[in-house]
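Below is one structure; the comments refer to it alone.
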Amino acid sequence: MRDPGGAALADRTPPSETAAHETDSPVIRLHDAGVAHGRRFVWRHAGLEVAPGEFVVVLGPNGAGKTTLLRVLLGLHPLAEGTVAVLGGPPRRGRHAVGYVPQRRTLDSDLTLRARDLVALGVDGNRWGIALPFASGRRKRALVDAALGAVDATAYAEHPVGRLSGGEQQRLLLAQALVTEPRLLLLDEPLASLDIRSQGVISGLVAGLARERGITVVLVAHDVNPLVSFVDRVVYVAGGAMVSGRADEVITTETLSALYDYPVEVIRDSRGRIVVVGLDDCDSHHH
Amino acid sequence: MVPSHVTWNLVDDWQQLVQYDFMRHALLAGGIAAVLCGAVGCFVVLRGLSFATDTLTHVGFAGASGAVVIGLSPVAGLLGLTALMAVALGALEQRLRGRDVVIGMILVLTLGLGLFFLRLYRGYSNETYALLFGSILALSLRDVAVVAVGAVIALAALAAIFRPLLFASLDEQLAEARGVPVRAVATAFLLVLAVAVTAATQVIGALLAVALLIAPGATAQRLTTRPVTWLLLSVAIALGVTWTGLALAFWQPYPASFFITSLSTLTYLAARLVTAGAVLSRLRPATRPAPAAEG
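So the sequence lines, in the order shown, correspond to chains G and Z. Counting along the first sequence from 1, when you hit position 6 you're at 2 in the working numbering, and nothing is skipped either side. Counting along the second sequence from 1, when you hit position 102 you're at 265 in the working numbering, and nothing is skipped either side.
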């Protein structure tokens, strides 16, 4: 496997991080983990091991703690019990080896900032002072150009971000996460508020980049269907618990009924698409 | 009041303006306030803090009039209470987000308090008038010095937090994950804003100060796509409208605050009209696929 950390950022990557991926040791390891908001547990007794290069989709109803799982992995939310390791160490903020795209609505249409400047904030937005245009450096420009190229956004690099479509903005946010050349990508609902075609395009883009660069992906979604051909592992968060496994193991009538503590049925069509239906009423939603 | 008149010779005009102490003080204090407000205003617009800024100006009014009652300088009260309010807003920012009602209540409460304090003081109505609508032509050299020192400190602080503030204003969660201390940065910005509110209140008064804090930033945003250019352009616009307003008030028998607020609004309208179709559509060539194609 090629070194996804890349030489460009090696000088900023602590040695402990570069060592972890040489072996096949898990990128993420949760053991008997529990997380709480105040005194209420969101989920507990969660176990999860994600191997390098795996594509993981996190599913579950709103409020089940999917975003909280990402915040735990980012070092933004402490565990109430159990242990967590990310890239061989405790999670912590501001590491270049972890790329993140938060859940969001679209950007303000009045926002005239250039796409390029948005992506550049991924490189040095956490540093103090002003980034002067003439002092921004060749290395930073090269990183930004490479990230824009990787998501196929070079054509609108100079455009005001507020004027771009939802799919174009999503590409920029992906570029912003890729610009530090991460080994782990955490994406929170990147397909929400996109039309069906863009959902397919963005899913394919993420999967392609991940495969090409050996990046491990944890992607939170509402609907597994646009991702069904890329996904290696599904994590289903519901009812205060977390179950993980291959999609065809987890998204089953038995597992989901147990998680929801309510009778549901999983239906698959001829092309592998999945529908989850609650049995006591006719309300169904796609998974 | 002034025996001179406008000529087409700008050097002559300028010399007329600066031959009086009060005009020199006004141009200096106005200039300093404009530079600070222009810079701060970009982030007021970006962070959607127009209403919170308006509330800060009213808090400042209560602070200034309260200070007068207990025998302190109005500037001390203005700066003290707005800074206190800035810290409180910073601590509560996440809980106050979208709570317009709470901020509106603070706004009217403090305006009423200010009126009450002025009544206690049995002050002259020009004191009230000066606080609400500005008294730039009556500033002393000491007032100017206070504004200058505050502005230098505030601008240095703003320069120091510029990048993380921009990052956090665009995407707070991502900035937090990237290691930006978002709460501290937000509070630091609100303190800078408190200094800007103090400076602007001295120039155009508590009721109108918000004009200098939102119009130049909003105008400049429409004209550029680069953050540093945005900031510099906003400063230039704020400086332009303030000095032009002062000059107009020198030759015309109308208040400087009126000219400054009108010019701010007119500049914004002009920028909107100019950029409405032309500039932004040129930035998006028609050869690209329609936006609908990708959601």
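C-beta atoms are modelled at their ideal positions from N, C-alpha and C, and glycine is treated no differently. Here the structure is a predicted model, which means the values were calculated and not measured.
>> Tell me whether the stretch 364 to 384 of chain Z and the stretch 394 to 408 of chain Z touch, counting them as touching only if at least three CB pairs, one residue from each stretch, are closer than 8 Å.
In response: They touch, by the three-pair rule.
> What's the gap between the Cα of Z:V271 and the Cα of Z:T216?
Replying inline: 14 Å
>> Which residue wins for smallest C-alpha separation from Z:A319, given the options Z:V358, Z:G243, Z:L429?
In response: For the options Z:V358, Z:G243, Z:L429, the alpha carbon positioned closest to that of Z:A319 is the one of Z:V358.
> When burial is assigned at 16 or more other CB atoms within 10 Å of the CB, is G:N122 buried or exposed?
Replying inline: buried
> Can you list the residues of chain G that Z:F352 reaches, using a CB-CB cut of under 7 Å?
Replying inline: Chain G residues near Z:F352: none, gap ~13 Å exceeds 7 Å.
>> Comparing C-alpha positions only, which one of Z:T350, Z:S427, Z:I299 sits nearest to Z:P418?
In response: Z:I299
>> I'd like to know if Z:P379 contacts chain G, where contact means its C-beta is closer than 8 Å to some C-beta of that chain.
In response: no
> Once you ignore the five residues that flank Z:R435 on each side, which residues in its own chain have a CB closer than 8 Å to its CB?
Replying inline: R385
> Does DSSP put G:G294 in a helix, in a strand, or in coil?
Replying inline: The question about residue 294 of chain G has no answer, for chain G in this structure spans -3 to 283.
>> For G:Y96, list the residues DSSP reports as bridge partners.
In response: G:L182
> Along chain G, in chain order, which residues have C-beta atoms closer than 8 Å to that of Z:V339?
Replying inline: Looking at the sequence itself, residue 339 of chain Z is Glu, so the reference to Val does not match. The contacting residues are L72, R89.
> Measuring CA to CA, which of Z:A381, Z:Q336, Z:P327, Z:V309 is closest to Z:V366?
Replying inline: Z:V309
> By the 10 Å Cβ neighbour count, where 16 or more other Cβ atoms means buried, how is G:R179 classified, buried or exposed?
Replying inline: Buried, by the Cβ-count rule.
> What are the start and end residues of the beta strand (DSSP E) that includes G:G43?
Replying inline: 36 to 46
>> Quick check for students: name the residue ranges of the alpha helix (DSSP H) that lie wholly in the stretch 164 to 251 of chain G, counting only runs of 4 or more.
In response: 192 to 209, 243 to 246
>> Can you check which of these residues, Z:A351, Z:G275, Z:A311, is closest to Z:F325 by C-alpha distance?
In response: Comparing Cα positions, the closest option is Z:A351.
> Is the Cβ of G:Y96 closer than 8 Å to any Cβ of chain Z?
Replying inline: Yes, G:Y96 lies at the interface with chain Z (some Cβ there is under 8 Å from its Cβ).
> Is Z:P418 helix, strand or coil by DSSP?
Replying inline: Judged by DSSP in its simplified three-state form, Z:P418 adopts coil rather than helix or strand.
>> I'd like to know if G:N122 contacts chain Z, where contact means its C-beta is closer than 8 Å to some C-beta of that chain.
In response: yes
>> If we define contact as Cβ-Cβ less than 8 Å, is G:D108 a contact residue for chain Z?
In response: Strictly speaking, residue 108 of chain G in this sequence is Thr, with Asp absent from that position. With 8 Å as the cut-off, G:T108 counts as an interface residue toward chain Z.
> Looking at the structure shown, is Z:R346 part of a helix, part of a strand, or coil, going by DSSP?
Replying inline: helix
> Does the stretch 198 to 210 of chain G come close enough to the stretch 231 to 244 of chain G that 3 or more CB-CB pairs lie under 8 Å?
Replying inline: No, the stretch 231 to 244 of chain G does not touch the stretch 198 to 210 of chain G.
> In this structure, does DSSP put G:I263 in helix, strand or coil?
Replying inline: Judged by DSSP in its simplified three-state form, G:I263 adopts strand.
> For Z:H188, is the classification buried or exposed, using 16 other Cβ atoms within 10 angstroms of its Cβ as the cut-off for buried?
Replying inline: Buried: at least 16 other Cβ atoms inside 10 Å.
> Looking at Z:L353 and Z:A249, is the spacing between their C-beta atoms short of 8 Å?
Replying inline: In contact: Z:A249 and Z:L353 (Cβ atoms closer than 8 Å).
> Residues in its own chain within less than 6 Å of G:D228 by CB, not counting five upstream and five downstream?
Replying inline: E50, F51
>> What would DSSP say about G:D104, mapped onto helix, strand or coil?
In response: coil
>> Please report whether the beta-carbon of G:P222 lies at a distance below 8 Å from any beta-carbon of chain Z.
In response: no
> Does the beta-carbon of G:H17 have 16 or more other beta-carbons within 10 angstroms, so that it is buried, or is it exposed?
Replying inline: The predicted position of G:H17 is uncertain, since its pLDDT is 45 and thus under 50; a value taken from the coordinates is nonetheless stated next. The Cβ neighbour count for G:H17, taken over all protein chains shown within 10 Å, is at least 16; the residue is labelled buried.
> Is there contact between the stretch 329 to 339 of chain Z and the stretch 219 to 228 of chain Z, where contact requires at least three CB pairs shorter than 8 Å?
Replying inline: Result no; under three Cβ-Cβ pairs closer than 8 Å.
> Can you tell me the Cα-Cα spacing of G:G268 and G:V224, whole angstroms?
Replying inline: In this structure, the alpha-carbon of G:G268 lies about 8 Å from that of G:V224.
> If you measure from the beta carbon of G:G204 to each beta carbon in chain Z, is any gap under 8 Å?
Replying inline: no
>> I want to verify the contact list: residues of chain Z whose CB lies under 9 Å from the CB of G:A127, in sequence order.
In response: F325, R326, L329, P390, V391
> Hey, is Z:T430's beta-carbon within less than 8 Å of any beta-carbon in chain G?
Replying inline: no
> On the premise that G:L55 lies in contact with G:I24, defined as a C-beta separation below 8 Å, what is that separation, rounded to the nearest angstrom?
Replying inline: In fact, because the Cβ distance is near 17 Å, the residues do not count as touching under 8 Å.
> Name the DSSP beta bridge partners of G:H27, please?
Replying inline: G:T79
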